[in-house]
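Engineer:
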Amino acid sequence: MNFNEPFDVVVAGGGNAALCAAITAARAGCSVIVLEGAPEFYRGGNTRHTRNLRCSHDGTAPTMSGPYEQAEFLDDLYRVTAGQTDKLLAELTIAKSRELLGWMDEQGVRFQPPLGGTLSLGKTNAFFLGGGRGMLNMLYRRAEKLGITVLYEAPVTALQIEDGYFVSATINYQGRPQQVRGKALVAACGGFEANIEWLREYWGDAADNFVIRGTPYNRGDVLRMLHAANVMPVGDPTQCHAVALDARSPKFDGGIATRLDSIVFGIVVNRDAQRFYDEGEDTWPKRYAIWGRLIAQQPDQIAYTIVDSKSFHSFMPSIFPAISAPTLGELAGKLTLDPAALQKTIADFNAAVRPGTFDYTILDDCRTEGLTPPKTHWAQTIDKPPYYAYPLRPGITFTYLGVRVNAESRMLLNDGKPSGNMFAAGEIMAGNVLGKGYLAGIGMTIGAVFGRLAGQGASTHARN
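In the working numbering, the protein residues as written are 106 to 569.
Structure, rendered in structure tokens:
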């Protein structure tokens, strides 16, 4: 490997956003190097754990039902973020999402037929054939054909930035530091979710109980370097994509298999056997990613999802066996909850349930009345034994604190001026679009859209 000659474009990161940027720049005729901090087997950051991306389309795509127009997509995004999004960049993301199926197909990525079932995503999301790892493998194969240099186990340890202008990156490669010079930088190396010490700065000791469902390699080192180099921050450091995971999951890298989708079919109680949020607020793709943060705010960051035999086969099960018992009292004992408290919580819930027509595919009319918090949809009495439960922890996928960018995906400096040659894509800038909340698949959408924009901007700068 010759480190003497500068590359046109240096890409820090190795996931979806990084590869979209690298491929776009290489197709424009640039020399490109991808710096992936992980070993080859674990390449790709959180992309390895994904299954789909959300995109607007006219209904003619064979791998999606539809249509899913831009206005509906934008309305969905506004609802989950409560308006906390950069309107210009949100509209840009959604408009550009229409190009992604065709562009991915050009790179060799294949999609499977639309999925039905409880996920309700057939209209809005395209599912990768082979999942996120299959998609990644095709992008890396395309990168290889384009002559892109990829270094594994090459974390960036320092950035030389002068007056908002990237000069070089120092990497730790094969046991020693190496300097990689480039005409433009694309930062696409994720947030800081795997850095428990950094999470603790905002969450205190609660962070010790978080489970990191994604890659252990996203520690936010480049993000810190960019903030220290006068790049404008964006996003609330406590906001993140955080789902309810089985509490028995591994600390890192458990991925999507550890997620629990049972919440809308029953109730969720905390350590004190008390409900604390509406389990039926909205359809699962729009609300599943709020539950990690909700559980993070509960005592000891632990909760329990409880269903009865009527609902037990209605959702995708955990990879861990359910905890079951013939009575609620026995179930409480197995969960180390106060039996009387749990029985009262469920009795109060059952008494508040109003009959309706249960339908998990729509916002149905099964609800509670006179109960705080309410369950506004899919409320069914929990009264048919045996009873089942899963313990829940906050599962962090990625954090929303990042760098501010403009519509070219160019980083903005603290004075509001755009950087001369630094671009960002993916989770490291997703906080521009996601002020709070999440929509299933939109992380991949942001990564692909801004990866392509960053690759285009970086290649234009390098050629000029």
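Cβ coordinates follow ideal geometry from the N, Cα and C atoms, glycine included.
The structure displayed is predicted, hence computed values, not measured ones.
#1: Considering only the alpha carbon of each residue, which of G542, G171, I372 and I368 lies closest to D488?
#2: Given G562, which residues of its chain have a CB within under 7 angstroms of its CB, disregarding the five upstream and five downstream residues?
#3: Do G119 and V139 have their beta-carbon atoms positioned less than 7 angstroms apart in this structure?
#4: For the alpha helix (DSSP H) that Y183 lies in, which residues bound it at each end?
#5: Based on Cα-Cα distance, which residue from I368, G521 and A123 lies nearest to Y465?
#6: Check T223 in the structure and name its three-state DSSP category.
#7: Quick check on I199: does DSSP put it in helix, strand or coil?
#8: Does the beta-carbon distance from V272 to Q279 come in below 7 angstroms?
#9: Leaving aside the five residues before and after A131 along the sequence, list all residues of the same chain whose C-beta is less than 6 angstroms from its C-beta, in chain order.
#10: Give the list of continuous beta strand (DSSP E) stretches no shorter than 3 residues that lie fully inside the region 236-286.
#11: Which ranges would you report for the alpha helix (DSSP H) in the region 525-564 if only whole runs of at least 4 residues count?
#12: Using 10 angstroms around the beta-carbon of D310, count the other beta-carbons present and answer buried if the total reaches 16, otherwise exposed.
#13: Could you check what DSSP says for I467 in three-state terms: helix, strand or coil?
#14: Going by the CB atoms, is the gap between K480 and G90 shorter than 7 angstroms?
#15: What's the C-alpha gap between N323 and G552?
#16: Quick check on the DSSP output: the alpha helix (DSSP H) that includes V327 runs from which residue to which?
#17: For A446 and N455, I'd like the C-alpha separation in whole angstroms.
#18: With a CB to CB cut of under 7 angstroms and the five nearest residues on each side skipped, what residues in its chain are close to P321?
#19: How many Å lie between I428 and G397 at the Cα?
#20: With H, G and I counted as helix, E and B as strand and the rest as coil, what does DSSP make of G164?
#21: Between the region 226-234 and the region 150-160, do at least 3 Cβ pairs fall closer than 8 angstroms?
#22: Just to confirm before moving on: does the CB-CB distance between A86 and P499 stay below 7 angstroms?
#23: Taking just the CA atoms, how far does L182 sit from S170?
#24: Count the CB pairs spanning the region 334-343 and the region 372-383 that are closer than 8 angstroms, and state whether there are at least three.
#25: What are the residues that DSSP puts in a beta bridge with D377?
#26: May I ask you to report which of helix, strand or coil DSSP gives V214?
#27: Residue ranges of each alpha helix (DSSP H) run of no fewer than 4 residues wholly in the region 412-463, ordered along the chain?
#28: When DSSP labels each residue in this structure, what does A123 get in the three-state scheme?
#29: Quick check: is any heavy atom of the ligand MG less than 6 angstroms from the C-beta of Q284?
#30: Taking only the alpha-carbon atoms, compute the straight-line gap between S202 and V336 and give it to the nearest angstrom.
#31: In angstroms, rounded to a whole number, what distance separates the CA positions of T565 and A530?
#32: I need the boundaries of the alpha helix (DSSP H) containing I361, first residue and last residue.
#33: Using DSSP bridges, identify the partner residues of V139.
#34: Have a look at D387, R215 and A559 and flag the residue whose alpha-carbon is nearest the alpha-carbon of D469.
#35: Are the beta-carbon atoms of N314 and Q406 separated by less than 7 angstroms?
Structural biologist: Judging by the given coordinates:
#1: Locating residue 488 in the sequence shown gives position 383, counting from the first residue. Out of G542, G171, I372 and I368, I372 has the C-alpha closest to the C-alpha of D488.
#2: Within the sequence shown, the letter at position 457 stands for residue 562. Taken in chain order, the residues that qualify are E513, S514, R515 and F528.
#3: Along the sequence shown, read from residue 1 onward, the residue named residue 139 stands at position 34. Along the sequence shown, read from residue 1 onward, the residue named residue 119 stands at position 14. Yes, Cβ-Cβ distance for V139 and G119 is below 7 angstroms.
#4: As a first step, residue 183 is located in the sequence shown; it is residue number 78 there, counting from the start. It spans Q175 to T186 - the alpha helix (DSSP H) in which Y183 sits, taken as one unbroken run.
#5: As a first step, residue 465 is located in the sequence shown; it is residue number 360 there, counting from the start. Among I368, G521 and A123, the Cα nearest to that of Y465 belongs to I368.
#6: Against the sequence shown, residue 223 aligns to sequence position 118. The predicted position of T223 is uncertain, since its pLDDT is 46 and thus under 50; a value taken from the coordinates is nonetheless stated next. T223 falls in the helix class under three-state DSSP.
#7: Within the sequence shown, the letter at position 94 stands for residue 199. Helix at I199.
#8: Taking the sequence shown and counting its residues from 1, one reaches residue 272 at position 167. Taking the sequence shown and counting its residues from 1, one reaches residue 279 at position 174. Contact: no.
#9: By one-based count along the sequence shown, residue 131 stands at place 26. Result list for A131: V137, L251 and I253, in chain order.
#10: Correct list: 254-256, 261-267 and 270-278.
#11: Correct list: empty.
#12: As a working note, residue 310 is residue 205 in the sequence shown. D310 comes out exposed.
#13: Within the sequence shown, residue 467 is the residue found at index 362, counting from 1. Three-state result, I467: coil.
#14: Outside the shown range of the chain (106 to 569) lies residue 90, about which nothing can therefore be said.
#15: Here residue 323 is taken as the residue at index 218 of the sequence shown, counted from 1. Here residue 552 is taken as the residue at index 447 of the sequence shown, counted from 1. Approximately 15 angstroms between the Cα atoms of the pair.
#16: Along the sequence shown, one-based indexing puts residue 327 at 222. Per DSSP, V327 belongs to the alpha helix (DSSP H) from D326 to A333.
#17: Translated into the one-based positions of the sequence shown, residue 446 becomes position 341. Translated into the one-based positions of the sequence shown, residue 455 becomes position 350. The straight-line gap from Cα to Cα measures roughly 14 angstroms.
#18: Within the sequence shown, residue 321 is the residue found at index 216, counting from 1. Closer than 7 angstroms at Cβ, skipping near neighbours: A299, F357 and D358.
#19: Along the sequence shown, read from residue 1 onward, the residue named residue 428 stands at position 323. Along the sequence shown, read from residue 1 onward, the residue named residue 397 stands at position 292. The alpha-carbon atoms of I428 and G397 are separated by roughly 20 angstroms.
#20: Start at 1 with the first residue of the sequence shown, and residue 164 comes out as number 59. It is coil, neither helix nor strand.
#21: yes
#22: With the chain running from 106 to 569 in the structure shown, residue 86 is simply not present.
#23: Working through the sequence shown from its first residue, we reach residue 170 at position 65. Working through the sequence shown from its first residue, we reach residue 182 at position 77. Spanning the two alpha carbons is a distance of roughly 19 angstroms.
#24: no
#25: Start at 1 with the first residue of the sequence shown, and residue 377 comes out as number 272. According to DSSP, D377 bridges with nothing at all.
#26: On the sequence shown, position 109 is the one that residue 214 refers to. Three-state DSSP puts V214 in coil, outside helix and strand.
#27: 433-439 and 444-457
#28: To locate residue 123, count along the sequence shown from 1; it is residue 18. It is helical.
#29: This structure does not include the ligand MG; it has no bound ligands of any sort.
#30: Within the sequence shown, numbered from 1, the residue matching residue 202 stands at position 97. Within the sequence shown, numbered from 1, the residue matching residue 336 stands at position 231. Going by the C-alpha atoms only, they are around 27 angstroms apart.
#31: The sequence position of residue 565 within the sequence shown is 460, counting from 1. The sequence position of residue 530 within the sequence shown is 425, counting from 1. Their backbone Cα atoms lie some 16 angstroms apart in a straight line.
#32: To locate residue 361, count along the sequence shown from 1; it is residue 256. Segment: none, I361 is in no alpha helix (DSSP H) and carries neither H nor E.
#33: Here residue 139 is taken as the residue at index 34 of the sequence shown, counted from 1. DSSP, once it has assigned bridges, lists V116 and V255 as partnering V139.
#34: As a working mapping, residue 469 is identified with position 364 in the sequence shown. Cα-wise, what sits closest to D469 is D387.
#35: What you label residue 314 is simply residue 209 of the sequence shown in a count that begins at 1. What you label residue 406 is simply residue 301 of the sequence shown in a count that begins at 1. Yes, the pair counts as a contact, with Cβ atoms nearer than the cut-off.
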